Amino acid sequence: MPVPRLSLPWFPGIVLAALVFTAVFAPYLAPHSPTDGDITQKSIPPVWMERGDREHPLGTDRFGRDVLSRIIWGSRISLLVSLVAIGVAGTFGTLLGLISGYR
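1 is the number of the first residue of the sequence shown in my numbering; add one for each residue after it.
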């Protein structure tokens with residue numbers, strides 16, 4: 001008897017859609033500026049830990065910058081890098097395929 005496989009073809013699509021949505025709407029979703037730091041609020045732990053602050057749900061880094069905002073804005077850079085990599089790989093792959101198919 002064959003073992004049933006888990007079929008989740010929609011899950012990667014939802015994750016990708018969430019990443020694209022976050023990257024496109026980063027200026028509206030980020031609660032704080034990713035570069036502005038407040039040295040008086042440095043190293044605040046996440047909200048679920050002791051001394052956590054609801055104003056910074058994932059806490060702050062040692063320069064007082066909001067971690068959640070930096071992650072949200074970082075998704076834009078990650079998406080751009082992946083699109084450039086896909087474009088370069090697709091171009092070279094197509095070129096190599098055309099060259100090898102010609103002979």
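Glycine is no exception: its CB is placed at the ideal position from the N, C-alpha and C atoms. Keep in mind the model is a prediction, meaning the values are calculated, not measured.
- Contact between Ala17 and Ser75 does not hold, since their C-beta atoms are separated by about 12 Å, which reaches or exceeds 8 Å.
- Counting every other CB atom within 10 Å of its CB across the protein chains shown gives Leu95 a total below 16, marking it as exposed.
- Less than 8 Å divides the Cβ of Asp66 from the Cβ of His32.
- The three-state secondary structure of Thr35, taken from DSSP, is coil.
- Proximity to His56 across Phe63, Pro46, Phe92 peaks at Pro46, based on C-alpha coordinates.
- Beta-bridge pairing by DSSP links Thr60 to Asp66.
- Between the C-alpha atoms of Phe63 and Ser82 there is a straight-line separation of about 28 Å.
- In this structure, Ser69 places its C-beta atom within 8 Å of the C-beta atom of Pro34.
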